[in-house]
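Engineer: Structure incoming, see below.
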Amino acid sequence: MTSRRKNILVTGGAKRVGRHIVERLVAAGHHVVIHANSGASEAEALAASLRTGGAKAWAIAADLADAGATEALIPAAAKLVGAPLSGLVNSASIFDFDTPGGIDATAFDRAMAINLRAPALLSQHFAAQADVGADNCIVNVLDQKLWNMNPDFFSYTLSKAGLLSATDMMARAFAPKVRVNAVAPGLLLPSHDQTEEEFEATASRNPMGRPIALDDVVSAIDFLMGNASLTGQVIHADNGQRMFASARDVIFTARESK
Numbered sequence: 727m728t729s730r731r732k733n734i735l736v737t738g739g740a741k742r743v744g745r746h747i748v749e750r751l752v753a754a755g756h757h758v759v760i761h762a763n764s765g766a767s768e769a770e771a772l773a774a775s776l777r778t779g780g781a782k783a784w785a786i787a788a789d790l791a792d793a794g795a796t797e798a799l800i801p802a803a804a805k806l807v808g809a810p811l812s813g814l815v816n817s818a819s820i821f822d823f824d825t826p827g828g829i830d831a832t833a834f835d836r837a838m839a840i841n842l843r844a845p846a847l848l849s850q851h852f853a854a855q856a857d858v859g860a861d862n863c864i865v866n867v868l869d870q871k872l873w874n875m876n877p878d879f880f881s882y883t884l885s886k887a888g889l890l891s892a893t894d895m896m897a898r899a900f901a902p903k904v905r906v907n908a909v910a911p912g913l914l915l916p917s918h919d920q921t922e923e924e925f926e927a928t929a930s931r932n933p934m935g936r937p938i939a940l941d942d943v944v945s946a947i948d949f950l951m952g953n954a955s956l957t958g959q960v961i962h963a964d965n966g967q968r969m970f971a972s973a974r975d976v977i978f979t980a981r982e983s984k
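Just so we're aligned, residue 727 is where the sequence shown starts under the working numbering, counting upward by one.
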């Protein structure tokens, strides 16, 4: 069964992968609220541009490190739309370097707040306001790194591991009212302090021997939003990158091979 048009909140929707998610969902006919924090002006500009093309799009700002602001986000987004939300994409995250032997408590707490607590709180409030008669769906954005562990970006990886577990638990808890799924992309864009040259040197290091197409990742999210029979699923949109074991994060492999 394929569901109908949704009212969707996309966190971190103004930049990078989040922006592509927004553009794909709008192209599929959905109404989209674009969340941002530091990129609030970019979210406003993107929403205005999409409205010029006839789409229903809004921008909203909130700091996901602030629990109160996070809990207010779902009702504020629904108010903008003028109806309950029926889709949520938890895309926003931070990606700061640390290791198990070099943890900064403040940075650790911030990673957990933005990458794990915020999606959990947003999902809770989304499920509470969701219309029983609608096909309601949450999609969490994970990382192939969870199936290809190394100790780099320790706090980030732990937070995403928590979100993977939350995906399963929330799919059970929120059924039958809400479906909960996830996408686990591989390397898509330069991250952290990676140079374009380093990115290009590692982008094809996967079993398929080619860069991962960003369009394939966002189309997987659109697919999960639209297929009303899927819940508790994780789509690995990574060209099989998770099957290549690495002692370091992919960011460092090009540097260490020089």
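No residue lacks a Cβ here, since even glycine has one placed at the ideal position from N, Cα and C.
Just checking, does the segment 915-932 make contact with the segment 826-842 on the three C-beta pairs under 8 Å criterion?
Structural biologist: No: the two stretches stay apart, fewer than three of their Cβ pairs being nearer than 8 Å.
Engineer: Spatial neighbours of residue 816 within its chain, please: C-beta separation below 8 Å, excluding the five flanking residues on both sides.
Structural biologist: As a working mapping, residue 816 is identified with position 90 in the sequence shown. The answer, listed in chain order, is 737, 844, 845, 848, 849, 864, 865, 866, 867, 889.
Engineer: Kindly list the residues whose CB is nearer than 8 Å to the CB of residue 767, restricted to its own chain and excluding five residues on each side of it in sequence; keep chain order.
Structural biologist: In the sequence shown, counting from the first residue as 1, residue 767 sits at position 41. Answer for residue 767: no residue qualifies.
Engineer: List the DSSP bridge partners of residue 784.
Structural biologist: Walking along the sequence shown from the start, residue 784 turns up at place 58. DSSP output for residue 784 lists 759 as bridge partner(s).
Engineer: How about residue 993 and residue 783: are their beta carbons less than 8 Å apart?
Structural biologist: Residue 993 lies beyond the stretch modelled for the chain, which goes from 727 to 984, so this question has no answer here.
Engineer: Closest to residue 966 by C-alpha separation, out of 930, 921, 780, 759, would be which residue?
Structural biologist: Within the sequence shown, residue 966 is the residue found at index 240, counting from 1. Residue 966 has its Cα closest to that of 930, out of 930, 921, 780, 759.
Engineer: Among 885, 776, 943, whose alpha-carbon lies nearest the alpha-carbon of residue 912?
Structural biologist: Within the sequence shown, numbered from 1, the residue matching residue 912 stands at position 186. Selected option, being the one with the closest Cα: 943.
Engineer: Whole angstroms are fine: how far does the CA of residue 879 sit from the CA of residue 920?
Structural biologist: For the purposes of this step, residue 920 is identified with residue 194 of the sequence shown, where counting begins at 1. For the purposes of this step, residue 879 is identified with residue 153 of the sequence shown, where counting begins at 1. Approximately 14 Å, taken between the alpha carbons.
Engineer: Over the uninterrupted beta strand (DSSP E) stretch that includes residue 865, give me the two end residues.
Structural biologist: As a working note, residue 865 is residue 139 in the sequence shown. From DSSP, the beta strand (DSSP E) with residue 865 extends over 862-867.
Engineer: Considering only the alpha carbon of each residue, which of 750, 740, 756, 747 lies closest to residue 730?
Structural biologist: For the purposes of this step, residue 730 is taken as residue 4 along the sequence shown, with counting starting at 1. Closest option to residue 730, Cα to Cα, is 756.
Engineer: My understanding is that residue 876 touches residue 970, with C-beta atoms under 8 Å, so please give their C-beta distance in whole angstroms.
Structural biologist: As a working note, residue 876 is residue 150 in the sequence shown. As a working note, residue 970 is residue 244 in the sequence shown. In fact, because the Cβ distance is near 11 Å, the residues do not count as touching under 8 Å.
Engineer: Please list, in chain order, all residues of the same chain as residue 746 whose beta carbon is under 7 Å from its beta carbon, the five residues on each side excluded.
Structural biologist: Residue 746 sits at position 20 when you count from the first residue of the sequence shown. Within the same chain, residue 746 has close Cβ partners 940, 944.
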